[in-house]
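Structure first, commentary second.
2 protein chains.
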Amino acid sequence: MRKKNSTNALNEKKINATCGMGFTLSLIGGRWKSNILWRLMENGTMRYSQLRKAIPDVSDRMLVAQLRELENDQLVKRMVYPEVPPRVEYELTDLGSTMRPMLQHISDWGEQYRKVSEETNHE
Amino acid sequence: MRKKNSTNALNEKKINATCGMGFTLSLIGGRWKSNILWRLMENGTMRYSQLRKAIPDVSDRMLVAQLRELENDQLVKRMVYPEVPPRVEYELTDLGSTMRPMLQHISDWGEQYRKVSEETNHE
DNA sequence: CTCATTTCTTACTTTTTTGTAAGTACTTAA
DNA sequence: TTAAGTACTTACAAAAAAGTAAGAAATGAG
């Protein structure tokens, strides 16, 4: 669980309050979030099981946890249909959708960096 | 220390190899990196002690660690002058400079998000 | 000889994140 | 009545990130 008054937590809080960049990174920075956001960007609405299949290495626990965080931050919408077996669909909220150009930018830069750094030295 | 074959490390590696976004985030995602990059973007060349003062809450250990990672990833250049007391200057590399528009984008979105989410609900 | 200055190191602890394994709830269909 | 399907939970363990405190090197100034 998260402590509220650890130095670490306080530092994060302060950074988030003063640095837009740090703030954004704290929202999209979990291990599986880039993957999740990317799928939702590409596919629109997706069921839980679709996401699960699309991201092969993630566990249920982690997938749920990351979705919940995105939901709490209002970037992703969770829609439950009262059926059996259950159906739950996820999609970007309007706010989440405003990330699209930024996410694309981040992705493009990453691909570019990979190319460049593969040319220069062989990491 | 970092284990090389933990599930976690392998997951990260795989993500970095396939998802530009995840890759970028792994480069700029440390607790103090956004701050460091931001200062270097604004100020150009900075001494260690200037960075230290500009980022009040960081410890020596963390500041050095984050700078080393940025240096290893070729985003930041470290220049040592053979003087006593020592002088060490940091600045963005050319590759690091290519991040500028992206970092600006990330920062802008963060500021915008903060505004929006403060209007809607009072988080 | 001692001190100040600057840029780090090192050893260690705490906190946070991620992973593993197993189980739950609900209802329809066999 | 038993199994199947879906979307989770829970308890626990491992790994990674961040923080704390102290010290080290090099040298010129006093």
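Chains as they are written, first to last, in the numbering used here: chain E, 66 to 188; chain H, 66 to 188. Cβ coordinates follow ideal geometry from the N, Cα and C atoms, glycine included. Remember, predicted model here, so these are calculated numbers, not experimental data.
- request: Can you tell me the Cβ-Cβ gap for Leu116/E and Ile101/E, rounded? I've got them flagged as a contact below 8 angstroms.
  value: Locating residue 116/E in the first sequence gives position 51, counting from the first residue. Locating residue 101/E in the first sequence gives position 36, counting from the first residue. 7 angstroms between Cβ atoms; contact.
- request: Indicate whether at least one CB of chain E lies closer than 7 angstroms to the CB of Ser99/H.
  value: Translated into positions along the second sequence, residue 99/H becomes position 34. Yes, its Cβ sits closer than 7 angstroms to a Cβ of chain E.
message: I'd like the list of long-range same chain contacts for Glu189/H, defined as Cβ closer than 7 angstroms, with 5 residues on each side in sequence excluded.
response: With chain H covering only 66 through 188, there is no way to say anything about residue 189/H.
- prompt: According to a CB-to-CB cut-off of less than 8 angstroms, which residues of the stretch 145 to 164 of chain E neighbour chain H?
  reply: Leu160, Thr163, Met164
- prompt: If you drop the 5 nearest sequence neighbours on each side, which residues of the same chain put their C-beta closer than 8 angstroms to that of Glu156/H?
  reply: By 1-based counting over the second sequence, the position of residue 156/H is 91. Hits under 8 angstroms: Leu105, Gly109, Thr110, Met111, Val141, Lys142, Met144.
field: Own chain residues within Cβ distance below 7 angstroms of Trp97/E, not counting five before or after
entry: Start at 1 with the first residue of the first sequence, and residue 97/E comes out as number 32. So the list reads Ile120, Val123, Met127, Leu128, Gln131, once near-sequence residues are dropped.
Alpha-carbon to alpha-carbon, Asn76/H and Gly66/H: Here residue 66/H corresponds to residue number 1 of the second sequence, with the count starting at 1. Here residue 76/H corresponds to residue number 11 of the second sequence, with the count starting at 1. A small correction: the amino acid at residue 66/H is Met; Gly does not occupy that position in the sequence shown. One C-alpha to the other measures close to 17 angstroms.
message: Cβ closer than 7 angstroms: which chain E residues qualify as neighbours of Glu134/H?
response: If you number the second sequence from 1, residue 134/H lands on position 69. In chain order: nothing, as chain E lies at least about 13 angstroms away.
query: Is Glu176/E close to chain H, meaning its C-beta is less than 7 angstroms from at least one C-beta of that chain?
result: Here residue 176/E refers to the residue found at position 111 when the first sequence is read from its first residue. Glu176/E counts as touching chain H.
Chain-ordered chain E contacts of Leu90/H [CB-CB under 9 angstroms]: As a position in the second sequence, residue 90/H is number 25, starting the count at 1. Within 9 angstroms Cβ-Cβ: Leu90, Ile93, Gly94, Lys98, Ser99, Ile171, Gly175.
- prompt: Just curious, the alpha helix (DSSP H) that Arg67/E is in, first and last residue?
  reply: Residue 67/E sits at position 2 when you count from the first residue of the first sequence. That residue, Arg67/E, is in no alpha helix (DSSP H); it is neither H nor E in DSSP.
field: Between the CA atoms of Ser114/H and Pro150/H - distance to the nearest angstrom
entry: Translated into positions along the second sequence, residue 150/H becomes position 85. Translated into positions along the second sequence, residue 114/H becomes position 49. Their Cα atoms are separated by approximately 12 angstroms.
- request: From the DSSP output, in three-state form, read off Leu116/H for me.
  value: Counted from its first residue, the second sequence places residue 116/H at position 51. The answer is helix: DSSP assigns Leu116/H an H, G or I state.
query: DSSP beta-bridge partners for Met198/H?
result: For residue 198/H there is no data in the structure shown, the boundaries of chain H being 66 and 188.
field: Whole-angstrom distance between Val153/E and Leu160/H, CA atom to CA atom
entry: Translated into the one-based positions of the second sequence, residue 160/H becomes position 95. Translated into the one-based positions of the first sequence, residue 153/E becomes position 88. Rounded to whole angstroms, Leu160/H to Val153/E spans 43 angstroms at the Cα level.
- prompt: What do you get for Tyr178/H, buried or exposed, if any count of 16 or more other CB atoms within 10 angstroms of its CB means buried?
  reply: One-based indexing of the second sequence puts residue 178/H at position 113. Buried.
task: Pull up the DSSP beta-bridge partners for Met111/E, would you.
output: Numbered from 1 along the first sequence, position 46 holds the residue referred to as residue 111/E. Paired residue(s): Tyr155/E.
message: Using beta carbons (cut-off 7 angstroms, strictly below), is Met167/H in contact with chain E?
response: On the second sequence, position 102 is the one that residue 167/H refers to. Cβ-Cβ to chain E under 7 angstroms: yes for Met167/H.
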